[in-house]
Every structure is written in C-alpha cells, then in structure tokens.
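Residue numbers are given in this note's numbering: position 262 of the sequence shown equals residue 262, and the series is strictly consecutive.
Quick reminder that beta carbons are idealized off the backbone N, C-alpha and C, glycines included.
Predicted, not measured: the structure shown is a model, and the values here were computed from it.
Input: a single structure, listed below in structure tokens.
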Amino acid sequence: MKKHRLAIVRQKYRPDGGAERFVSRALSALSNQDLELNVITREWQGEKQDDWHIHICNPRKWGRISRERGFAHAARALWQAEQFDIVQSHERIPGCDIYRAGDGVHRRWLLQRTRVLPSWRSQLLMQDRYHRYVMGAEREMYQAPELKAVICNAAMIKQEIIDDFGLAADKIHVIYNSIDSGRFVPAQSAQRFALRQQYGIPADAVTLCFVGSGFERKGLAAAIRAIAPTDRYLLVVGQDKAEKQYQALARTLGCSNRVLFCGVQKETLPFYQMADGLLLPTLYDPFPNVILEAMACGLPIITSTTCGGAEFVEQNSNGFVCDALDIQRLAEAAMAIPALEKDNNMGKNARHKVKEATPERLSGQLISLYHTLLD
C-alpha cells in the first residue's frame, strides 16, 4: 500500500530551537508510521534518518521581508509541484493544510513588547513594515480555504486565534510539547553539590535558573530586578547581543555577585540540576520547552500569565504565576521557592505534573489528527 506523503515546513532548522525540537521529536516518533516524511527548509543542520526526505528551498533574499516572502513563495511552489498529501507548516504561509502556531499570534507579542518600550518606539513598532507583513501573512493564512487544522501548544494561543481571526474552535487542536522524563531527572544531593562547586555557588544558596535566548522577550530584566532585593542566586543560560546591558543592570542593583551569566549551553540539564527553581517571567511565549524540562528535573516554576507554560503551573503547589512586569510578586515568588535539599514537595509536584507529556502521547495525537484529515 502506498505511503501517505507528509511535508513539514520550517524555514531554518536549528537543533536548539523550540519549534525545531518539536519537529525533530515528531519526525522521530512518526518514523514507524505508514508515512513518507518530507521536510521543506532553507537549511537543515540536525541529524536525520535515512528515510527522511529533505528538500532544500533557499531562494535569494535581500532583507527580512524578502526572506519571508521568498521562502513562502518557493516553499508553496515546491509542495504544490510535489502534491504532498498533507502539508504542515511551522511558518505563516497561506495554502498549507495544517499550521502549527508555535510562535503564537504576532500582534499579541507586539502588544506585550510595547509594555517595555517608550511610547514613540511602541508606535514605530506597530507600524514597522516587517511586522505589518508578518501580521498580513498570518491573517491571509488563517483565511485561506486550504487550511484544515491548526496545532497550538497552549490553550492560551487557541483562544487568541479564535478572538483575533474568528477561526472555528473545532479547527484548533491543543497538542502540548513532550519531554523525555527519563533524561531530564532531578539531581542527587552529591551531584548538585559538585555542580555548584564547579560554578562557585554556595551549597545552601537558593538558586533559580533562567533559560532562554532573546533576553527582552524572555523577561531577564524583570528576573534580575526580582532577585535583587532577595538573597537568591540566578543562573542565566542563553545569549543576547545586549548581554552587557543586563550585566550592568545587575551591577547597578547590587546583585551582580548573585547573577551568573553562563552563555549558551548545548546541554542545559546540569543547570537545572544545580538549581532550586526556574524563573522565566517572559513577556510572551506560547509554551517554552524549558518549562517542561525544568519541571521534569523537579523544579518549581515561576512564570507569567502571558506564557502558555503557565497552564502546567498550579499556584503554590508546583510554582507561581503572575504578570511579567510585577516585580514585587516575582520577588515574593522567588522567596517562596524552598531549597530542594530541605523541602522538595513543590519539585515533586512539578515532576508529577509532566509525567503524561511523553513523546508517545505527542505522536499519538499527531497521528490521530493526520488520519482524521486524510479520511
């Protein structure tokens, strides 16, 4: 029997990206199904199985709008020529069968960003040609007759799509990201002590980790301001071209000795394992994988109401949720996180919460959706 041909569209495959990890896990899980797996991309940097078909689609570009528009046109022409049975796009390209809204709703992100910008910059942001192009492409995609289903990684995003674009609720499927709870595990006491020695963190210091690049969006300024008046330590894992400004902020607030900038790390597990909690007051994030990773490692979570990951947080049980810019509430939450060595009840609750978020469950939900569309 002939295999059905599935094409997944992602402009650039970065192994450390959240959407790319979703694609990689989905492709790995789907490899044993009766599907021919295809990927349409500008650049593939990751590992692949022998039976995956990679289609490099890299038209010339002269700027951000040219990059987006050029790839959209070329990718659509390729999938129309190939006549795939299902096209699942992770980019805002009209004409796909399935769109995975891993980046959320662009206008919602811009509105959140205006909260930390001067008013004149906020006005320029909303009128920016590139952002207007993205918002236009997004609306055109949701209005396209070819669109059969949307995959969201949080109920928050599903509601935003319904409110902003009027899409029928039964077209939108919430499929949460998955986590390998066998690899992301809490550290033993001796292991945590050794890791802390390596990075110069006192054994008895309550330490929070912040994991994510793009510090403005992820809320690093609010995280630093929140821990400044406390005795908490903060591990910053990630990168940003404005990193020196955040280092200066820590110095100005007198907490630079408790804020450690660790840069980008290929392996984030040790940083979760030496911490007591995750602090991620992101301005807007559909569902960062780091929340599942940290919870699997037995860390309570502090995050924001504009983070889809908050849907896994039970207030005061396995973490805390508040407004991304409410520094006082963030500081109170930071102080409420206990040292895991003394009290790991919140950490146990966090790990228990993600035990059902398995790759097998993710692949089962995807397969069910594909079969429904093919039928």
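Given residue i as reference, the closest of the options once Cα atoms are compared
| i | options | result |
| --- | --- | --- |
| S189 | R361, L366, G364 and D343 | D343 |
| Y246 | L111, G219, Q265 and D285 | G219 |
| G212 | I367, Q191, R258 and V264 | V264 |
| V105 | E82, A333 and A137 | A137 |
| L330 | L340, E341 and Q315 | Q315 |
| T282 | H352, I224, M274 and S317 | I224 |
| L253 | G238, A226 and T358 | A226 |
| A242 | R217, R258, E36 and D231 | R217 |
| D375 | I157, D85 and R10 | D85 |
| A7 | R100, W62 and L167 | R100 |
| E360 | Y176, R196 and G70 | Y176 |
| A155 | L235, N38, E311 and R60 | E311 |
| V237 | C57, M274 and G182 | M274 |
| V259 | R69, R232, E267 and D276 | R232 |
| L325 | N345, G347, M335 and I302 | I302 |
| E140 | P94, R129 and Q112 | P94 |
Residue range of the unbroken alpha helix (DSSP H) whose run includes residue i
| i | result |
| --- | --- |
| R67 | R64 to E82 |
| I291 | N289 to A296 |
| E332 | I327 to A336 |
| L110 | H106 to R113 |
| L369 | P359 to L374 |
Where the beta strand (DSSP E) containing residue i begins and where it ends
| i | result |
| --- | --- |
| A187 | Neither: A187 is in no beta strand (DSSP E) and is coded neither H nor E. |
| Y176 | That residue, Y176, is in no beta strand (DSSP E); it is neither H nor E in DSSP. |
| G277 | G277 to L280 |
| P319 | Looking at the sequence itself, residue 319 is Gly, so the reference to Pro does not match. From DSSP, the beta strand (DSSP E) with G319 extends over G319 to C322. |
| S304 | I301 to S304 |
| F261 | V259 to G263 |
Residue i in three-state terms, based on DSSP
| i | result |
| --- | --- |
| Y389 | Within the shown structure, residues of the chain are numbered from 1 to 375, placing residue 389 beyond reach of any answer. |
| I54 | strand |
| D170 | helix |
| L37 | strand |
| Q315 | strand |
| P202 | coil |
| M274 | coil |
| K353 | helix |
For residue i, the residue or residues it bridges with in DSSP
| i | result |
| --- | --- |
| V87 | A7 |
| A149 | I98 |
| Y233 | T207 |
| E43 | K12 |
| C255 | According to DSSP, which records beta bridges pairwise, C255 is partnered with nothing at all. |
| D128 | D128 pairs with nothing; no bridge assigned. |
| D285 | C307 |
Neighbourhood of residue i by C-beta, 6 Å cutoff - its chain only, sequence neighbours within 5 removed
| i | result |
| --- | --- |
| V134 | H106 |
| Y142 | F165 and L167 |
| V87 | A7, W79, C96 and D97 |
Neighbourhood of residue i by C-beta distance below 8 Å, restricted to the same chain and skipping five residues each side
| i | result |
| --- | --- |
| F193 | A203 |
| A221 | V116, F215, Y246 and L249 |
| K148 | D97, I98, K171 and L373 |
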